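S.K.: Let me give you the structure first, and then I'll get to my questions.
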Amino acid sequence: MDTVFGTFDTLREKLGMQYVDAFYNEDAHKRIDKFSDEVLCYAESLGDIPHSVIKASCFEYILKNAPLYINGDDIFGVCLEGQKFAKMVSWGCMLEKVIGRLNRKWQKELKDVLNPHEDIEFINNAGNYLINEFYIDYNHSTPCWEDIFALGIKGIYGRILVYKERHSPLNEEQQAYFDALEITYRAISGFFERLIDALEYRNEPKLEFMRKALINISHNPPSNTYEALLLGWLYWYLQENIDALRCRTMGGLDELYLKFYTNDIKSGTFTKEEIKEMFIYFMNEFYSFRVGQQQPMYLGGTDMDGKCIVNELSYLILDAYDTLSRPDPKLQIKVGKNTPKEFSKRVLEIIRNGNSSISIINDDNAITSLKKIGVSDKEATTYLMSGCWDYTVKNHEVKTIPARVSLPRILEYTMTNGVCLATGKKVGCETGYDFETFDEFYSAFKSQVMYIWKRTKKIVENWELYLKDINPSNMFSATMTDSLECAQDGYANGMKYNTTVFTLAGLGTLVDSLCVIKKYVYDKKVVSLNEFVNILKLNWRGYEDLRRCIIKDNDKYGNGSKMADEITFDITSYLSYIINKVPNSRGSYWKIGLLSIDKNIRFGELMDATPDGRLKGEPLSKNLSPSVGMDRSGITTLINSVCNIDFTLFPHAGIFDLILHPSAVAGSDGLEAFYGILKTYFDGGGHSIQFNVFSSETLKDAQKNPDKYKN
Numbered sequence: 251m252d253t254v255f256g257t258f259d260t261l262r263e264k265l266g267m268q269y270v271d272a273f274y275n276e277d278a279h280k281r282i283d284k285f286s287d288e289v290l291c292y293a294e295s296l297g298d299i300p301h302s303v304i305k306a307s308c309f310e311y312i313l314k315n316a317p318l319y320i321n322g323d324d325i326f327g328v329c330l331e332g333q334k335f336a337k338m339v340s341w342g343c344m345l346e347k348v349i350g351r352l353n354r355k356w357q358k359e360l361k362d363v364l365n366p367h368e369d370i371e372f373i374n375n376a377g378n379y380l381i382n383e384f385y386i387d388y389n390h391s392t393p394c395w396e397d398i399f400a401l402g403i404k405g406i407y408g409r410i411l412v413y414k415e416r417h418s419p420l421n422e423e424q425q426a427y428f429d430a431l432e433i434t435y436r437a438i439s440g441f442f443e444r445l446i447d448a449l450e451y452r453n454e455p456k457l458e459f460m461r462k463a464l465i466n467i468s469h470n471p472p473s474n475t476y477e478a479l480l481l482g483w484l485y486w487y488l489q490e491n492i493d494a495l496r497c498r499t500m501g502g503l504d505e506l507y508l509k510f511y512t513n514d515i516k517s518g519t520f521t522k523e524e525i526k527e528m529f530i531y532f533m534n535e536f537y538s539f540r541v542g543q544q545q546p547m548y549l550g551g552t553d554m555d556g557k558c559i560v561n562e563l564s565y566l567i568l569d570a571y572d573t574l575s576r577p578d579p580k581l582q583i584k585v586g587k588n589t590p591k592e593f594s595k596r597v598l599e600i601i602r603n604g605n606s607s608i609s610i611i612n613d614d615n616a617i618t619s620l621k622k623i624g625v626s627d628k629e630a631t632t633y634l635m636s637g638c639w640d641y642t643v644k645n646h647e648v649k650t651i652p653a654r655v656s657l658p659r660i661l662e663y664t665m666t667n668g669v670c671l672a673t674g675k676k677v678g679c680e681t682g683y684d685f686e687t688f689d690e691f692y693s694a695f696k697s698q699v700m701y702i703w704k705r706t707k708k709i710v711e712n713w714e715l716y717l718k719d720i721n722p723s724n725m726f727s728a729t730m731t732d733s734l735e736c737a738q739d740g741y742a743n744g745m746k747y748n749t750t751v752f753t754l755a756g757l758g759t760l761v762d763s764l765c766v767i768k769k770y771v772y773d774k775k776v777v778s779l780n781e782f783v784n785i786l787k788l789n790w791r792g793y794e795d796l797r798r799c800i801i802k803d804n805d806k807y808g809n810g811s812k813m814a815d816e817i818t819f820d821i822t823s824y825l826s827y828i829i830n831k832v833p834n835s836r837g838s839y840w841k842i843g844l845l846s847i848d849k850n851i852r853f854g855e856l857m858d859a860t861p862d863g864r865l866k867g868e869p870l871s872k873n874l875s876p877s878v879g880m881d882r883s884g885i886t887t888l889i890n891s892v893c894n895i896d897f898t899l900f901p902h903a904g905i906f907d908l909i910l911h912p913s914a915v916a917g918s919d920g921l922e923a924f925y926g927i928l929k930t931y932f933d934g935g936g937h938s939i940q941f942n943v944f945s946s947e948t949l950k951d952a953q954k955n956p957d958k959y960k961n
């Protein structure tokens with residue numbers, strides 16, 4: 251296999267651009283647009299039959315007829331012209347998927363049902379300014395990787411038939427459900443055969459190697475590490491890009507692939523170096539595809555017996571990730587009380603090397619937080635990571651994240667009796683203008699939160715009644731026994747836990763602003779609340795001295811302020827209390843998330859000035875981090891302030907971003923200090939953390955010389 255392995259370094263740049271070069275050009279766009287029109291015409295020709303069957307039939311049509319992309323330099327380099335790279339952006343590609351056009355058509359047909367007249371005004375006024383990502387969400391599914399590898403494609407198809415027989419005689423809805431699943435998995439088998447035939451006439455060593463593996467996995471479960479990785483890549487590609495349902499984790503790699511790895515090393519099928527290079531190629535696929543929001547996969551955690559999962563393969567995959575050194579995929583690391591210190595330090599060393607797309611998850615907190623909302627001990631212990639930093643019950647939960655809400659905007663509504671300063675529209679509720687005490691103002695703020703939450707909840711719960719009508723999750727549903735047992739779409743309401751997440755952003759900006767209002771409006775009486783609203787409208791013009799005084803004030807989130815810490819604890823506890831476990835429209839419940847991702851920039855661009863001294867258009871605070879420059883008392887104080895939040899009340903996600911200067915973590919002593927920071931945060935009950943290690947000089951150089959910083 252010398253001609254198959256040992257070549258990645260020489261092909262690095264070429265492989266890193268392969269899918270961009272293939273699909274981000276005018277000729278490819280013309281071909282894909284023409285084919286996409288053809289698929290929509292085919293869908294129309296099917297007539298008035300269930301949407302799940304139409305989608306499955308179109309899926310089959312695409313797999314049979316879309317032009318193949320094959321790259322002889324890549325051991326995973328096969329896909330279809332089934333998606334168009336419509337726009338390249340900093341966090342990944344904006345993809346237009348062929349079946350995505352069909353989904354949008356069905357959603358448009360349901361427009362009046364989805365958005366009743368009484369909700370339209372709120373939806374229009376809240377969009378962007380209050381709620382970024384206010385949408386019907388198909389972006390957070392996770393298939394059952396264990397069954398995909400244990401059964402293979404033919405095995406999953408056989409299981410569909412078994413469950414179909416169990417449910418017989420079928421009603422009309424069940425018949426459509428099983429018909430769609432059968433068509434989908436027959437199509438995947440046919441696609442594998444199509445690939446095998448196409449590769450027969452290619453004599454490149456890597457394609458011959460791939461063809462041999464495809465012959466086996468087209469009929470059987472994978473038998474070695476490469477076959478499992480190839481099946482993983484092809485499944486991800488087909489679900490995410492052809493079936494148009496995002497696949498938001500590749501699973502726990504060191505657990506899923508351990509059996510294959512162990513057998514391969516024991517039998518001599520592959521060497522450790524060959525397997526390491528397989529993982530490099532595998533992870534590079536997602537970078538090459540420029541997956542939007544990055545493609546997650548994770549390591550570590552706890553098995554069902556309570557033992558740490560970290561093993562020999564965990565270290566090998568870390569080495570592969572370090573060697574690849576790309577911003578995509580995103581690697582999540584579960585770290586708990588049983589995680590070896592050596593493993594945690596290796597992770598931190600890789601981050602120190604410049605690989606900042608690594609998130610570290612507090613395994614112990616995750617387990618506790620899931621138990622608090624009623625998840626069983628076993629389910630909580632073996633949870634998986636999906637999406638950006640999300641906890642999910644493995645193989646029993648599908649969640650949607652349809653709304654990301656700006657907390658500072660809700661504070662603005664409290665100051666303006668529900669009116670948005672940017673638009674002049676009434677979005678919040680009427681709580682009045684005059685509050686004699688801070689407690690009255692703070693109570694009004696909570697009333698605004700409750701109003702926004704209830705309005706958003708009503709709208710989302712109506713949307714989610716139609717999930718299976720807009721985008722049936724055929725490929726995903728067949729991997730889930732929960733869905734098969736109840737013969738219902740797995741993404742809609744066919745799982746044990748069909749959860750919905752209400753996500754809140756801008757915590758640092760909110761807390762700082764509340765502290766300022768308490769101190770300068772009510773305690774010191776420097777300005778009235780109405781005067782403050784006018785100051786914000788003026789973007790602090792004429793009030794620069796007051797702004798400087800407020801910015802210098804140390805009662806800020808992350809700064810060890812008793813006032814700020816008490817407000818932080820109270821408001822986060824309140825938010826979790828009103829949201830967690832509230833029933834949703836899919837037979838399950840809501841969960842709370844506390845993060846912004848990069849939406850703090852978008853929210854800030856659209857928002858007027860805020861009481862904390864922030865100017866109009868500047869970013870809000872990011873995730874769990876303080877506003878930039880407001881934490882002035884050192885890392886330990888910052889961590890202690892963040893840990894005032896009871897993170898066991900947050901069973902979804904809550905990421906803390908921490909920037910460190912390279913000198914602080916240099917050398918063996920620096921690495922030990924780095925580990926100490928992580929341990930301090932997790933011992934204090936911290937949720938999840940993402941480190942960035944760079945200096946201001948590095949950032950300036952990156953602006954001047956972006957080609958030097960492609961990772």
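Residue 767 in the numbering used here sits at position 517 of the sequence shown; the count goes up by one each step and never skips.
For every residue, glycine included, the Cβ atom is placed at its ideal position computed from N, Cα and C.
Source: prediction; values computed, not measured.
1) For the beta strand (DSSP E) containing M533, list its first residue and its last residue.
2) Quick check: what's the CA-CA separation for M730 versus R461?
3) Closer than 8 Å by C-beta to F1017: which residues in its own chain qualify, once you throw out the five before and the five after it? Chain order, please.
4) For G297, count neighbouring Cβ atoms within 10 angstroms of its own Cβ and tell me buried if that reaches 16, exposed if not.
5) With C-beta atoms as the reference, is R444 less than 8 Å away from I320?
6) Tell me where the alpha helix (DSSP H) around F285 begins and ends.
7) How about W341 and Q545: are their beta carbons less than 8 Å apart?
8) So, are the CB atoms of G756 and P658 less than 8 Å apart?
9) Buried or exposed: which applies to L825, given that a residue is buried once 16 or more other Cβ atoms fall within 10 Å of its Cβ?
10) Within its chain, find whatever has a CB closer than 8 Å to the CB of D627; leave out the 5 residues flanking it on each side and keep chain order.
11) Could you tell me whether the segment 511-529 touches the segment 309-320, where touching means 3 or more Cβ pairs closer than 8 Å?
12) Just to confirm before moving on: does the CB-CB distance between N667 and Y683 stay below 8 Å?
13) How would you label V339, buried or exposed, when you count the other beta carbons within 10 angstroms and need 16 or more for buried?
14) Determine contact between the segment 778-793 and the segment 840-852, defined as no fewer than three beta-carbon pairs at a distance below 8 Å.
15) Determine the DSSP secondary structure at F255, reduced to helix, strand or coil.
16) Please go through the same chain and pick out, in chain order, the residues whose beta-carbon is closer than 6 Å to the beta-carbon of Y269, but skip the five residues on each side of it.
17) Pull up the distance between the alpha-carbon of S835 and that of S619, whole angstroms please.
18) For L874, does the three-state DSSP call read helix, strand or coil?
19) Just the Cα atoms here: how many angstroms apart are R281 and S607?
20) Extract the residue ranges of the beta strand (DSSP E) inside the segment 581-641, only unbroken runs of 3 or more that lie entirely within it.
21) Taking 7 Å as the cut-off, is the CB of I600 close to at least one heavy atom of the ligand MN?
22) Given this structure, state the Cα-to-Cα distance separating P455 from T253, to the nearest angstrom.
23) Please go through the same chain and pick out, in chain order, the residues whose beta-carbon is closer than 8 Å to the beta-carbon of D858, but skip the five residues on each side of it.
24) Could you give the uninterrupted runs of the alpha helix (DSSP H) lying entirely in the segment 911-948, keeping only those of 4 residues or more?
25) Mark S723 as exposed unless 16 or more other C-beta atoms lie within 10 angstroms of its C-beta, in which case mark it buried.
26) Is it right to say H390 is buried, meaning 16 or more other beta carbons lie within 10 angstroms of its own, or is it exposed?
27) In angstroms with no decimal places, state the Cα-to-Cα distance between L431 and L313.
28) Please confirm if the segment 364-384 is in contact with the segment 739-747, defined as three or more CB-CB distances below 8 Å between the two stretches.
29) How close, in whole Å, do the beta carbons of I660 and I702 come, if the pair is a contact with beta carbons under 8 Å?
30) What are the uninterrupted segments assigned as alpha helix (DSSP H) that are 4 or more residues long and contained completely in the segment 337-363, given in chain order?
31) To the nearest whole angstrom, what separates the beta carbons of C765 and I817, a pair I think is in contact under 8 Å?
32) With distances taken from CA atoms, which of I617, A437, L734 and S517 is nearest Y413?
33) By alpha-carbon positions, which one of V625, F695, Y565 and H646 ends up nearest to I600?
34) Buried or exposed for P869, please, with buried defined as at least 16 other CB atoms from any protein chain shown within 10 angstroms of its CB.
35) How long is the line joining the alpha carbons of G440 and K509, rounded to whole angstroms?
36) Provide the residue span of the alpha helix (DSSP H) that contains Y487, from first to last.
M.R.: Reading from the atomic positions:
1) For M533, there is no enclosing beta strand (DSSP E); the residue is found in the alpha helix (DSSP H) stretching over K522 to S538.
2) So the two alpha carbons sit approximately 28 Å from each other.
3) Only positions 251 to 961 of the chain appear in the structure, and residue 1017 is not among them; the question remains open.
4) Its Cβ having fewer than 16 others within 10 Å, G297 is exposed.
5) R444 is not a Cβ neighbour of I320, given a cutoff of 8 Å.
6) Start and end: E276 to S295.
7) The answer is no: Cβ separation not under 8 Å.
8) A distance below 8 Å separates the beta carbons of G756 and P658.
9) L825 comes out buried.
10) These residues qualify, in order along the chain: K621.
11) Too few Cβ pairs lie closer than 8 Å, so no.
12) Cβ distance < 8 Å, so N667 and Y683 count as in contact.
13) By the C-beta density criterion, V339 is exposed, having fewer than 16 other C-beta atoms within 10 angstroms.
14) No, the segment 778-793 is not in contact with the segment 840-852.
15) Shown here, F255 sits in coil according to DSSP, grouped into three states, outside any helix or strand.
16) So the list reads S538 and F539, once near-sequence residues are dropped.
17) When rounded, the distance between both Cα atoms is 23 Å.
18) In the structure shown, L874 sits in coil (DSSP, three-state: anything other than H, G, I, E or B).
19) Roughly 34 Å separates the two Cα atoms.
20) Runs of beta strand (DSSP E) with 3 or more residues, each lying fully within the segment 581-641, are found at 608-612 and 634-636, listed in chain order.
21) Judged by which ligands are present, the structure shown has none, so any question about the ligand MN falls away.
22) Answer to the nearest angstrom: the Cα atoms are 6 Å apart.
23) Cβ within range, chain order: E662, L671, A672, L786, K787, N789 and K866.
24) Whole alpha helix (DSSP H) segments, 4+ residues: 917-933.
25) By the neighbour-count criterion, in which a residue is buried when 16 or more other Cβ atoms sit within 10 angstroms of its Cβ, S723 is buried.
26) Counting C-beta atoms within 10 angstroms of its own C-beta, H390 has 16 or more neighbours from the protein chains shown and is therefore classed as buried.
27) Straight-line Cα distance between these residues: approximately 15 Å.
28) Cβ pair count under 8 Å is below three, so no.
29) Sure, about 6 Å apart at Cβ, within 8 Å.
30) With a minimum length of 4 residues, the unbroken runs of alpha helix (DSSP H) contained wholly in the segment 337-363 fall at 348-359.
31) Indeed they touch by this definition, with Cβ atoms about 7 Å apart.
32) Comparing Cα-Cα distances from Y413 to each of I617, A437, L734 and S517, the minimum goes to L734.
33) Looking at the Cα atoms, Y565 is the closest of the given residues.
34) With 16 or more neighbouring CB atoms inside 10 Å of its own CB, P869 falls in the buried class.
35) In a straight line, the C-alpha of G440 is about 28 Å away from that of K509.
36) Taken as a continuous stretch (DSSP letters only), the alpha helix (DSSP H) holding Y487 covers T475 to Y487.
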